[in-house]
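Reading through the structure tokens given below for one structure.
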Amino acid sequence: MAVRSAAAVGPPGPERNEEAVLLLERAHYRHDPRWLLPVSPRLCLACALELLPEPCVSLVRKKHMLSCFRDAFVRHTSLVTQLVAQDQRVCIHFISILFGLLRSVEDESVTELCIEVLVQLTIQLKLEQTVRCLLDECHKELCNMPSMRSSLATLTLLGKLVDAIPALADELVKEHGNMMEHLLRGLVYPNEGVQASVCYLYGKLYSSPVAAEMLSGHFREKLCSLFLSTLDGAQTKELQINCLGLLRQLLKYDLFVSVIMNKSALAESAESVEGPAGGTSLPLVLKKLLLSRDETLQVASAHCVTAVLVHSPAKHAPAFIHADIPEFLFEHLSSSSEVLIWSSCNCLILLAEEPLFFSKCHTVYGIEAVVRSLQESLKTNNTELHKQVLLLFAEILTRQPEEIKLFTSSAMCGDAGHALQEAVSSPVLEVASEAVKATSAFLRKDHQSAPPVQYKELRALLEAMLRRCAEFSQMPLNRRPVGHPSSRASEKAVLRRGNFLLSTLEGFRNACRLAVEFQNEPAAQENPFTAPSAEKEETLEAFSEFLLSACDSLCIPMVMRHSEQATHPALMEIFLSILHSLFVIVPHMKDKFSKKLAASSFIRLTLELKARFCSGLSHAALNQECSSFLYHMCLNLLSAPEKTRPLSQEEFAAVSELLQYGLPQINSRIPESLAFLSDCQDVEGAARQRQYCILFLFYLAYIHEDRFVSEAELFVAVQSFLLSLQDQGEHPPPVVFRASIYLLAICQGKDREPDEAVISAIRKFLEGVPDLHLVYTHHYLLLRFFLMYPELMSRFGHRVLELWFSWEERSHEELDDGLSAGQLTLPTNLTVLFQMLRSSLSILLILLDLIYSSTVDIARKVLIVLRIFLRRNEDVQVGGLIQGHFLLMLQRLLVEHEASPSGASGNLPLLLSLLSLLQPRDGPEQELDGVAVKLLHQVSKLCGKCSPTDVDILQPSFNFLYWSLHQTTPSSQKRAAAVLLSNTALIELLEKMLALTWAEVGFPNATLLCSAWLLTASLSAHQHNGSLQVHHTLSVELEQVLKALSFPKKRVTLLSAAILRFLRTTLQQSFSSSLVVLVPSGTQPPPAPEDTALAPLGTSQVLSLVIGLQNLLVQKDPLLSQACVGCLEALLDYLHARSPDVALHVASQPWNRFLLFTLLDAGENSFLRPEILRLMTLFVRYQGSSILSQEEMGHVLQGAALADLSALPKTTLQALRGFFLQVQRRGLLADHNMAQMLQTSLESLAPGASLAQQPLQDMLCLGGVAISLSHIRD
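In this text, residue positions in the sequence shown follow this note's numbering: the first is 324, and each later residue adds one.
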């Protein structure tokens, strides 16, 4: 023996140690130490070679030896391998001993050890001769084996060897092909252990494609039926598992799948004809395994079904469906095993590709299990399971036929929606992505039609989906330079975002489609079970409005943000489809939505998409969607225009046809489109229509402030387009011409002027338009365009200004008030108009004509604009121009409407308001020229033809007449008064107006009464001072006047001030006016003797009047106080002249001191108010120091000395000087220092002193009444 001869040189005596049990003691001393393993366990290979074949050695010792060898092999693989590989002959001998032991021992544990050691040796030694030797031994053993039962170990060894060394499968089939017959015998042997070993070996052989191909005939002719029968009859789990393992290997090949399924089909047909005696059907076998309670077998069975279906679901799925496999797979979805659920889902996904799967109503039966499985799986952390269940759910939702309702109740549909909502919110992107796809399939009409429709749940689901997409799209990206590894990762991240956004948009589009489809379903409009008082969330209208809001706030921002990083045609196609569908979903919002889209550059976006992706025939679907979206958005914009008139039905139809034809043809970039628009060559009909379409798109974009085209380039292009039309003798449709002139006006800059030929062409085109409103678009630059060129303004200026004012929407009254208060800056449109007015005053005449000839609304706007212009441009002298023009209109009006001028024009009051507005309020007094006098005469004549109820005409007329009596030179005032006094009708009207002041009913406008009293007072004063001729006297009831002031009712303060001014004038004239006749009120008792000197006043009347004046003074209204003090001055002067005692009595009333201190209680330096200074002057003049003591006068003097006189108004300084003069004249200051201070103050207040008084505006318009402050005060 080789080992012994080699060991002869070893140590002379046996070696004993603690591991003697591993050694053959009687022989070990002869063995060479090189066969001893140098590490624990101290195993000697030579001893093993001698010990294992010895029949006298117990089986237990042999088993221990093999166990230790195996352990050493596992722990010290390289050392044991080196030990065995020292001599190939020893190695082969060792393998032969092990194989012999395997063949002779029946103990199962020893057999397993032998097989394990043999396999390890074969793997580690890698000796071809060793392997071939082992295979030969196995072949011989199988051929010489009298019974298949004893071949179990050999078969197991072969299976393990082929499993460990897959290449052996090919060699085994090639070199030992006749061994297959022995395997067939083992398969029919009535021992499931042997059958299991055969199936295991077959499985390893068929795992090799080469071996499988060589064994294909063997399988088809001999093995297939035998194997199926074995699988069907397998009882032990080992055989079942090995059979399923072999089946899994066989099912990898189309050939074997076809053979098996054909055999199964034949068996099923034979069974249906002949009864149960037929062959075995694989679907039925797998169904039986699915019904078993063993989870492993159920999973393996599901895998096998999947393995068959992957080859051809359409071909093989019907067999499994007819076998009711789906029913049991759906039941397994309720299992607690995640592996089984995953396998069942995988199998069902493939079965769902066959229509028979749905027609047999398996999905209706199983959808509840799917939803429940999804709900339960989401509670786990197995994301793969989440994805698989969602994938199955999506497949069912997508493929379910519409005629077979999947959800039989709204509750089940609601559960599905809740599950999807939770899945969509998953933090794992892959899960959320699958959930979004499932949601997209879920949003189908037939899935949601079970009444009532759960709109609230649908909304929550969509919100969750959009929110998840928004969160993902807002995650920051790590931007790196191109080519950097992180850059590639960033590109992948952008792609993932795009895909997720695409899926989200698909789901949202399906929701929009659902809303459109439900519009024709009366039962889906509103939840019939909703209480009448409940919020209308469960309605189609609320759901539709939510879709619009969600798109506006989430979809559009997400798409725009993503388009900055990447643009995908498919994504943009879906996006535009959504926007298009929203026009239908929310029809009452489509106009507003379209305007917002246009203002957000969506015209530009769509044109850029078409130019980038749709040139030629590429991306036809995107081109169609872009064109459709633009078409409907443009029509929406035209159906509700903001700055121009709506189109007629004919125009709308023509534009619709134009856009429908032209939009699909526009696929060029902006420069190319401009070049095409500028083409001056002979343009054919189709090309011209395309030009119209391009121009129209630019027009709509510019109207909504989307100026993506260069203004300079567009300006040139539009000019060329118009000249081309003229050259070819064409007249563009009004809507196209409207776009052309609007774009020219907008694009015209300071350095860009249209050619004269263009202006001429525009005028020619405009003359062919029936009305300018057909081509007008409201914009201040278009107004400037028409007014800038005389050729256009002379012909169209009036109409374009009328249109411009008619489209002005801003509240001009508020604008006027705000500008008067200094709170607002002038709007741009008015700034431009005012510039044009300054450059061409003839525009003022057009505006004046508009006030007269236009509607009241337009005329009012023009009036306010002119008022603002005149206030802000006082250097522009336009009064004479407007007065002359107005005089002609007024003369024509009085001639045409002599009987009733008030019915001539509703705008006449506005013209009169403008006339009064033209009169200056400050500066030097004006001289009335001939035109002004004629105008004054005509206005007074107009007033005489009116009744007191014609307030709108009389109020501005009275204001104009009052101004003529106060803001002109003295000579002009006298001339104006003479003109007015000569108008008997006017005097009669004033008499009626004054009498109406006391009327209980029919009380006219209080402001008009104010003007009547002021005008009467002014005429009386001018007549008295100038001794003017009176043609008709004016009667006034003195008792009513005194009663109105002595016992004032609640009336307008201004009216009281006006009556006071009238009474003051009357008192100043000592009741001797030639114009005003004071008549008694009814029968009066004879005056008392002491009242004779005061006639026509009585003492009681005087005292009542004084009390009334005191009461009015206490109101502390500045204007009313001035009027009261003036009236009191005139009254005391009148009393002093008639009865000094009565005057002193009135001035010495104790209440006067109380009144004075009440007025002085208004604050620090309150005495520096002109009315209080005049009142103190009056008391000092008539009563000396009884009202004001010397000490109090000293306080006033000191306060005045400390005050900043330069900051006081002129009226205050005059009143202060008058007070000081009266004090000095009366000699009321006994103290020399105080008298000296008084003298110094008087010198500083002398008329020649240079004090920078603040200028005050004399003529005011208070509440619509023109008032001269000096008239009230002086």
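The C-beta atom is built at its ideal place from N, Cα and C for all residues, glycine as well.
In this text, all values refer to a predicted model and were calculated from it rather than measured experimentally.
Write down the C-beta distance between residue i and residue j rounded to the nearest angstrom, noting that I regard them as a contact closer than 8 Å.
i	j	result
E1360	V1425	Between V1425 and E1360 the Cβ distance is about 17 Å, and since that is not below 8 Å, they are no contact.
A1553	Q1580	Actually they do not touch by this definition, with Cβ atoms about 42 Å apart.
F422	E451	No, F422 and E451 are not in contact; Cβ-Cβ is about 17 Å, not under 8 Å.
Y1603	Y1065	Only positions 324 to 1597 of the chain appear in the structure, and residue 1603 is not among them; the question remains open.
F1385	W1336	5 Å
K527	A492	6 Å
Quick check on residue i: does DSSP put it in helix, strand or coil?
i	result
I1595	helix
A1589	strand
L484	helix
C414	helix
T967	strand
P1532	strand
R1244	Because R1244 sits at a pLDDT of 49, beneath the cut-off of 50, its placement in the model cannot be relied upon, and the point is left open.
P334	Residue placement at P334 is flagged as unreliable, the pLDDT there being 39, under the threshold of 50; the coordinate-derived value follows with that caveat. If DSSP states are grouped into helix, strand and coil, P334 belongs with coil.
L701	coil
L554	helix
C566	helix
D1581	coil
Q452	helix
Q947	helix
L1020	helix
Q842	coil
Taking the alpha carbon of residue i as the point to measure from, which residue in the options has its own alpha carbon closest?
i	options	result
L506	V1375, L1458, K497, Q518	Q518
F831	G423, L894, A590, Q1537	L894
S1287	A1300, I420, W1336, I1510	A1300
L1417	I1430, S1404, L1390	L1390
E718	L382, V693, I1026	V693
V776	R819, L1319, L837, E965	L837
M956	A1080, P910, E973	P910
E650	A625, R722, V631, A630	A625
S1263	Q1278, P1093, L1089, T1272	Q1278
V511	T553, A1466, D1029, G500	T553
Q771	S1341, I488, Q723	Q723
L1270	L1313, S1294, Q744, N959	The residue asked about is misnamed: residue 1270 is Ser in this sequence, not Leu. Among L1313, S1294, Q744, N959, the Cα nearest to that of S1270 is on L1313.
S826	S796, K760, S1334	K760
V712	S1509, E661, A1062	E661
L1168	T1422, R927, V1185, H399	V1185
So, residue i versus residue j, is the Cβ gap smaller than 8 Å?
i	j	result
F1038	Q1014	no
L663	I644	no
H541	M503	yes
I648	P678	no
R1549	V1503	yes
Y778	F866	yes
L465	T477	yes
D577	H639	no
F1283	L1251	no
V485	L524	yes
For this session: Take every Cβ of the stretch 1082 to 1100, pair it with every Cβ of the stretch 1111 to 1125, and state whether three or more of those distances are shorter than 8 Å.
Result: yes
Exercise. So, do the stretch 874 to 891 and the stretch 812 to 830 have three or more beta carbon pairs nearer to each other than 8 Å?
Worked result: yes
For this session: Inspect the CB distances between the stretch 935 to 942 and the stretch 907 to 925 and report whether three or more fall short of 8 Å.
Result: no
Problem set entry | Sufficient close CB pairs (3 or more, under 8 Å) joining the stretch 1205 to 1215 to the stretch 1150 to 1159 | no
Exercise. Is it true that the stretch 423 to 442 meets the stretch 393 to 406, where meeting means three or more beta-carbon pairs spaced less than 8 Å apart?
Worked result: Counting Cβ pairs under 8 Å, three or more are found: they touch.
For this session: State whether the stretch 1078 to 1089 contacts the stretch 1033 to 1052, with contact taken as three or more CB pairs (one from each stretch) at a distance under 8 Å.
Result: yes
For this session: Could you tell me whether the stretch 755 to 763 touches the stretch 840 to 849, where touching means 3 or more Cβ pairs closer than 8 Å?
Result: no
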